[in-house]
Amino acid sequence: MKTLTPLQLFIGFSRIGLSGFGGVLPWARRTIVEEEKWLSSEEFSAMLGICQIVPGPNVTNLAVCVGSRFCGVTGAIAAVLGLSLGPICIVILLALLYNHFRDLESVRGILRGISAVGVGLIASTGFKMLKDEFHYPPSLLVVVVVMIAASFFHLGLGWVVLLASPVAFFLAWHKAKR
Amino acid sequence: MSTLITLFLKFSAFSLIAFGGVNALLPVLLELAVHQEHWLDLQTFSDYFAIAQAAPGPNFMTVTLIGWHVSGLLGAFMATFAIIWPAGILVFFLQRFILKMQDPMKKKVVQYAAATLAIGLVLSSALEIALQINHDLMAYLLSGLTIAIVLLTRWHPLYLIALGALLGGLGFI
């Protein structure tokens, strides 16, 4: 099996973190599978699948999985640090600028515009994922249960997950059995 | 100091319920930071959300910025670490377990169930956040336009962010 040093992982994940505008997962795939060839496409998909079913930031979960696969705990830490250090520095620099210019009307407008787009980007991720579910329409019930619990009754996220999980597992079991 | 500890503990707990990633967590984050703890006002929260969207990098940067607001550089790193570590440790052990799982049926059930949960959480998160930070009809129209463009075209998200900045800067939003 291929081995990688923590430094290689750090550098690779730094590139992924810094190139990702509007989400880094597509860049992670490009770097890890296509450019560096650390993992085959199937291995990557299997790993990403696991990272998306676990709570927490999907992309740091992926860094943990890839890093530990090649270099144990040290590798996981190196990958997570690479992924986040650069972007954290950039975002803090932007926040410093924001503190100076936040009262300008044009800056206010720019941020309002970006927020509105940001909301749309999150929603469209949800809709894209939703498209796949139409192959088995009953599973849409889980989405409805979650949305009612979260948006209508305003339950905490922990409660929402707790309430919807039995429905989700029951329908997933039926879907898998087909 | 006690604020920093509260922030660390709460964000660590959030890490373990953030199915669907940090975007699914945004309404809870807003509720805690703006309405419960009063660490920052709604306007600043939505500005940080915009900055995090415009910057390169993972989408947990709103968390980083809230930490920075509360307690400077230390707060920024503390908040980021808090949102990463519990899920990171969980996935570290879980991936060995799942990759070794022999029964493809079980694997599928876990995957399908998690996917539907994540979709619900991401969609309701988008709705909640829109209700809090979109101020007028124009903002909702722009969010709707974004959804349409993403679903119907292959535009890079960066163009959409630039479009939002342009429309906002010109005073349309």
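Chains X and W supply the protein sequences, listed in that same order. When you number the first sequence by this note's numbering, it's gap-free, plus one each residue, and the end is 178. When you number the second sequence by this note's numbering, it's gap-free, plus one each residue, and the end is 1173. For glycine and all other residues, C-beta sits at the position ideal for the given N, C-alpha and C.
How about residue i: is its C-beta nearer than 7 angstroms to some C-beta of chain W?
i                  : result
Gly-113 of chain X : yes
Phe-21 of chain X  : yes
Cys-65 of chain X  : yes
Thr-74 of chain X  : no
Asn-99 of chain X  : no
Ile-32 of chain X  : no
Lys-2 of chain X   : no
Phe-153 of chain X : no
Phe-70 of chain X  : no
Phe-13 of chain X  : no
Ala-78 of chain X  : no
Trp-38 of chain X  : no
Gly-120 of chain X : yes
Leu-96 of chain X  : no
Phe-169 of chain X : yes
Leu-18 of chain X  : yes
Ala-163 of chain X : A quick correction: the sequence has Leu, not Ala, at residue 163 of chain X. So no, Leu-163 of chain X is outside the interface.
Trp-173 of chain X : yes
Pro-6 of chain X   : no
Ser-139 of chain X : yes
Pro-166 of chain X : no
Gly-49 of chain X  : yes
Arg-28 of chain X  : The sequence shown places Ala at residue 28 of chain X, rather than the Arg named in the question. False, the Cβ-Cβ gap to chain W never drops below 7 angstroms.
Leu-157 of chain X : yes
Ser-124 of chain X : yes
Leu-85 of chain X  : no
If residue i sits next to residue j, beta carbons under 8 angstroms apart, how far is it from one beta carbon to the other, in whole angstroms?
i                   : j                   : result
Ile-53 of chain X   : Phe-44 of chain X   : Incorrect: roughly 15 angstroms between the Cβ atoms, too far for contact.
Ile-92 of chain X   : Ala-1165 of chain W : In fact, because the Cβ distance is near 20 angstroms, the residues do not count as touching under 8 angstroms.
Arg-1022 of chain W : Val-1063 of chain W : One detail in the question is off: residue 1022 of chain W reads as Val in this sequence, not Arg. That belief holds up - the Cβ atoms of Val-1022 of chain W and Val-1063 of chain W are roughly 7 angstroms apart, short of 8 angstroms.
Ala-95 of chain X   : Trp-1068 of chain W : 6 angstroms
Leu-18 of chain X   : Gly-86 of chain X   : 5 angstroms
His-1135 of chain W : Arg-112 of chain X  : 7 angstroms
Leu-1040 of chain W : Gln-1132 of chain W : About 13 angstroms; that fails the 8 angstroms criterion.
Leu-171 of chain X  : Val-145 of chain X  : In fact, because the Cβ distance is near 10 angstroms, the residues do not count as touching under 8 angstroms.
Leu-1160 of chain W : Val-160 of chain X  : Actually they do not touch by this definition, with Cβ atoms about 29 angstroms apart.
Leu-1127 of chain W : Ser-124 of chain X  : Between Ser-124 of chain X and Leu-1127 of chain W the Cβ distance is about 13 angstroms, and since that is not below 8 angstroms, they are no contact.
Ile-148 of chain X  : Ser-1125 of chain W : At roughly 14 angstroms, the Cβ-Cβ gap does not stay under 8 angstroms, so Ile-148 of chain X and Ser-1125 of chain W are not in contact.
Phe-1045 of chain W : Ala-1054 of chain W : Contact doesn't hold; Cβ gap of about 15 angstroms is too wide.
Met-1138 of chain W : Phe-1097 of chain W : Contact doesn't hold; Cβ gap of about 49 angstroms is too wide.
Leu-39 of chain X   : Leu-62 of chain X   : The Cβ separation is near 11 angstroms, so there is no contact.
Lys-128 of chain X  : Leu-1151 of chain W : 7 angstroms
Leu-1170 of chain W : Ile-50 of chain X   : Actually they are not in contact, since the Cβ atoms of Leu-1170 of chain W and Ile-50 of chain X sit about 44 angstroms apart, beyond 8 angstroms.
Phe-169 of chain X  : Ala-1113 of chain W : 5 angstroms
Tyr-98 of chain X   : Asp-1103 of chain W : Contact flag wrong, Cβ pair sits at about 51 angstroms.
Kindly say whether residue i, judged by its beta-carbon, lies nearer than 7 angstroms to any beta-carbon of chain X.
i                   : result
Phe-1112 of chain W : For the sequence presented, residue 1112 of chain W should be read as Tyr rather than Phe. Yes - at least one Cβ of chain X is within 7 angstroms of the one on Tyr-1112 of chain W.
Leu-1151 of chain W : yes
Asp-1103 of chain W : no
Ser-1015 of chain W : yes
Met-1061 of chain W : yes
Gly-1075 of chain W : no
Val-1028 of chain W : yes
Ala-1050 of chain W : yes
Ala-1082 of chain W : no
Gly-1057 of chain W : yes
Trp-1068 of chain W : yes
Lys-1010 of chain W : no
Ile-1120 of chain W : First, the amino acid is wrong: residue 1120 of chain W is Gly here, not Ile. At least one chain X Cβ lies under 7 angstroms of Gly-1120 of chain W.
Gly-1072 of chain W : no
Lys-1100 of chain W : no
Ser-1252 of chain W : The question about residue 1252 of chain W has no answer, for chain W in this structure spans 1001 to 1173.
Ile-1005 of chain W : no
Is the beta carbon of residue i less than 7 angstroms from the beta carbon of residue j?
i                   : j                   : result
Cys-71 of chain X   : Pro-26 of chain X   : no
Ala-1050 of chain W : Ser-115 of chain X  : yes
Pro-1058 of chain W : Phe-21 of chain X   : no
Ala-164 of chain X  : Leu-1074 of chain W : no
Ile-997 of chain W  : Leu-130 of chain X  : A question about residue 997 of chain W goes unanswered here, because the residues of chain W that appear run from 1001 up to 1173.
Phe-1019 of chain W : Pro-55 of chain X   : yes
Leu-993 of chain W  : Ala-1013 of chain W : Shown here, chain W extends from 1001 to 1173; a query on residue 993 of chain W therefore has no answer.
Lys-177 of chain X  : Tyr-136 of chain X  : no
Phe-1011 of chain W : Ala-1076 of chain W : no
Phe-1060 of chain W : Ile-1089 of chain W : no
Val-1026 of chain W : Ile-1129 of chain W : Just to set this straight, residue 1026 of chain W is Leu in the shown sequence, not Val. The answer is yes: Cβ separation under 7 angstroms.
Val-66 of chain X   : Ala-46 of chain X   : no
Gly-126 of chain X  : Leu-1123 of chain W : yes
Ala-76 of chain X   : Ser-68 of chain X   : yes
Gly-120 of chain X  : Phe-13 of chain X   : no
Phe-954 of chain W  : Val-64 of chain X   : Because residue 954 of chain W is not part of the residues shown, which for chain W are 1001 to 1173, the question remains open.
Met-1101 of chain W : Lys-1108 of chain W : no
Run the proximity test for residue i: is its beta-carbon closer than 6 angstroms to any non-hydrogen atom belonging to the ligand FAD?
i                  : result
Val-143 of chain X : Among the components of this structure there are no ligands whatsoever, and the ligand FAD is therefore not found.
Q) Curious, which full-length alpha helix (DSSP H) runs of at least 4 residues does the stretch 1021–1046 of chain W contain? A) 1026–1030
Please give me, in chain order, every unbroken run of the alpha helix (DSSP H) with length at least 4 that falls completely inside the stretch 1090–1163 of chain W.
1104–1133, 1137–1152
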